[in-house]
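Be aware that the sequence shown starts at 0, since it is given in numbering that gives the first Met the number 0, and climbs by one per residue. Cβ coordinates follow ideal geometry from the N, Cα and C atoms, glycine included. I have placed the structure first, in the form of structure tokens, so that the comments after it can refer back to it.
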Amino acid sequence: MRHKRLFPFCLCITLLAMGACGSKTSTLDADEALDYCARQVERALEALQPRDYTMMPRNILAGDTLEGWRCREAIPQEWCSGFWPGVLWMAYDHTGDEALRTEAERYTASLAYMASRPAYDHDLGFIIINSFLKGYELTGDAHYREVALRAADTLATLCNPTVGTMLSWPRHVGDYGGHNTIMDNMINLELLFWAAENGGGSHLRDLAVAHAETTMQHHFRPDGSCYHVAVYDTLTGDFIKGVTHQGYSDESMWSRGQAWAIYGYTMVYRFTRDERFLNHACKVTDCYLQRLAATSDDNIPLWDMDDPRGTAAPKDASAAAIVASALIELAGYVEEADAQRYRTHAEHMLADLSTPYYQCGESGVAFLRHATGHHPAGSEIDASIIYADYYYIEALLRMKKLQK
Ligand code: GLY
């Protein structure tokens with residue numbers, strides 16, 4: 000049992016222990032890194048002229064000489080649409096700058112229409128959580144709550160009760176020969192859990208729990224590593240196979256897929272306080288950390304831990320940022336020794352991401368570089384990608400709260 004029973008007492012001890020421990024804990028100055036993020040956001044906004052609130056920053060590719068982000072239209076097919084508004088909300092959270100809040104509001108507003116359209120796919124969750132939920136957390140604006148609740152109902156239409164999970168990609172049912180659920184989809188359960196606690200029906204929570212349970216049962220190998228895609232028989236609900244879409248091979252560890260699992264099960268525990276999910280979060284985390292140490296020369300993973308090129312393969316800074324953010328939360332749920340271990344890992348990851356090698360600095364307006372999007376498709380390899388920035392600033396804010 001890893002559940003923390005004496006939370007306040009253990010937290011105090013842990014924080015004291017952290018203060019007394021390892022040299023690497025002093026290498027990250029979360030406030031300084033957040034100030035850097037705020038400066039980059041200002042530079043990015045300056046480059047986004049004339050301002051079109053329906054175009055969302057997505058990437059800066061290796062070799063690009065553009066001044067700003069490459070943008071994509073805010074449509075349901077663009078899964079990254081919510082990350083830029085989320086970055087703006089978090090930059091506002093750090094600085095209190097009302098001009099940033101106004102920009103966050105304007106970009107967020109252009110996503111509202113998606114909440115009441117038929118769901119294109121599970122990414123509706125990513126889009127709404129990162130924009131409307133972040134905005135609701137910071138402002139308490141009733142309109143944000145209303146849009147997020149509507150989006151939760153729309154997202155829930157993807158759930159197949161026979162399988163027990165959401166259909167992640169309706170457009171790919173034929174390609175995979177059945178109901179497909181991807182590990183990334185775990186993140187979107189947050190919208191269902193949140194809605195159930197904020198005026199949506201309790202059935203939304205039941206759907207989210209069923210998804211997390213079914214995924215836990217079929218989507219993982221015995222060592223805690225995950226498949227990217229699980230395919231189920233649509234009619235019987237039977238698990239057919241685990242395959243990859245964005246990883247090196249069906250049996251490899253695609254780093255961001257494992258990162259989604261770590262973040263996802265940590266979040267599921269936040270809402271359920273069910274120890275099965277906490278134990279699973281720890282198991283998938285420990286598997287990731289072990290493979291990371293064996294395959295990488297720093298705390299940032301290769302895009303896929305089984306790429307035979309080893310350390311010559313591209314890295315994925317986004318996976319490191321997702322895991323760092325998750326570990327800071329997970330550390331709040333486990334007993335002292337594990338809590339300290341997870342916080343130290345998160346701090347090392349963020350310290351590495353905050354070096355000139357991973358930060359764009361003057362060379363671009365993003366926070367980070369060396370992220371990899373879809374390697375098998377040859378897309379966004381060794382690039383700046385908006386979701387790497389989103390989880391980096393989220394992790395820094397979480398770290399700053401902890402350091403306080
Ligand atoms: N959700 C898509 C990705 O992680 O690339």
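By a C-beta neighbour count over all protein chains shown, 10 Å radius and 16 as the cutoff for buried, is Ala318 buried or exposed? buried
Checklist entry - Should Ser25 go down as buried or exposed, given a rule of 16 or more other Cβ atoms within 10 Å for buried? => result Residue confidence for Ser25 is low, a pLDDT of 47 falling below 50, so the modelled location carries little weight and cannot support an answer.
C-alpha distance - Ala37 paired with Phe82, whole-angstrom precision | 15 angstroms
Q | Beta-carbon proximity check, Asp303 vs Gly246, cutoff 8 angstroms | A | yes
Worksheet item: Closer than 7 angstroms: is that where the CB of Gln76 sits relative to any heavy atom of the ligand GLY?
Response: no
| task | Assign Thr180 to one of three DSSP states: helix, strand, or coil. | result | strand
Cβ-based neighbour list, Arg397, same chain, cut-off 8 angstroms, excluding 5 preceding and 5 following: Short of 8 angstroms from the beta carbon of Arg397, and not among the five residues preceding or following it, lie these beta carbons of its own chain, in chain order: Ser324, Ile327, Glu328.
Measuring CB to CB, does Leu277 end up less than 8 angstroms from Tyr268?
-> yes
Exercise. Measure the C-alpha to C-alpha separation of Asp222 and Asp120 and round it to an integer number of angstroms.
Key: 30 angstroms
Review point. Count the other CB atoms within 10 Å of the CB of Arg116; is the residue buried (16 or more) or exposed (fewer)?
Key: exposed
For Ile239, report the span of its beta strand (DSSP E) as first-last. Following the DSSP letters along the chain, one finds Ile239 inside the beta strand (DSSP E) bounded by residues 238-242.
Through-space distance from Ala43 to Glu393, alpha-carbon basis: If I take the Cα positions, the gap works out to 18 angstroms.
**Item:** First and last residue of the uninterrupted beta strand (DSSP E) at Ile59
**Value:** Boundaries of the beta strand (DSSP E) around Ile59: 54-59.
- Query: Nearest CA to the CA of Asn298: which residue from Ile321, Asp306, Cys281?
  - Reply: Ile321
Quick check on this structure: which residue in Asn129, Ser224, Met266 has the alpha carbon closest to the alpha carbon of Phe192? Met266
**Prompt:** Under the rule that 16 or more other beta-carbon atoms within 10 Å means buried, what is His279, buried or exposed?
**Reply:** buried
Could you check if His373 is buried or exposed, using at least 16 other CB atoms within 10 Å of its CB as the buried criterion?
exposed
Problem set entry | Inter-residue spacing [alpha-carbon to alpha-carbon] between Leu291 and Pro300 | So the alpha carbons of these two residues sit roughly 6 angstroms apart.
Q.
For a test of the three-state rule: what should DSSP assign to Met398, helix, strand or coil?
A. helix
| said: From the DSSP secondary-structure annotation, give me the bridge partner or partners of His373. | reply: In DSSP, His373 forms a bridge with Ser378.
Looking at the unbroken alpha helix (DSSP H) that takes in Ala323, where does it start and where does it end?
-> In the DSSP annotation of this structure, the continuous segment of the alpha helix (DSSP H) that includes Ala323 starts and ends at 316-330.
Let me know the secondary structure DSSP gives Ser383 once reduced to three states. Correct three-state label for Ser383: strand.
Q | Cβ-heavy atom distance, Arg50 to the ligand GLY, below 7 angstroms | A | no
Quiz item: Does the pairing of the segment 124-133 with the segment 100-113 give three or more beta-carbon distances under 8 angstroms?
Solution: yes
ask   = Out of curiosity, what's the CA-to-CA distance linking Tyr332 and Leu137?
value = Between Tyr332 and Leu137, the alpha-carbon positions lie close to 24 angstroms from each other.
Of all the options Glu45, Arg170, Glu379, which has the alpha carbon lying nearest to the alpha carbon of Pro313? Glu379
With DSSP run on the structure shown, which of helix, strand or coil describes Asn298? coil
Arg170: CB within 7 angstroms of a non-hydrogen atom of the ligand GLY: no
Looking at Asp305 and the ligand GLY, is the gap between the Cβ and the nearest heavy atom below 7 angstroms?
no
Exercise. Does DSSP put Met0 in a helix, in a strand, or in coil?
Worked result: Residue placement at Met0 is poorly supported in this model, since its pLDDT is 46, which falls under 50; the coordinates are not used for a value here.
| Under the three-state reduction of DSSP, which class applies to Met165: helix, strand or coil? | Per DSSP, reduced to three states, the secondary structure at Met165 is strand.
Tell me whether the beta-carbon of Thr371 lies closer than 8 angstroms to the beta-carbon of Asp315. yes
Residues that DSSP places opposite Cys70 in a beta bridge
Pro56
Would you report the Cα separation of Thr94 and Glu145, rounded to the nearest angstrom? 27 angstroms
query = Sorry if obvious, but does the Cβ on Arg57 come closer than 7 angstroms to a heavy atom of the ligand GLY?
reply = no
Notebook entry, point to check: Are Gln358 and Leu367 close, meaning C-beta to C-beta below 8 angstroms?
Noted result: yes
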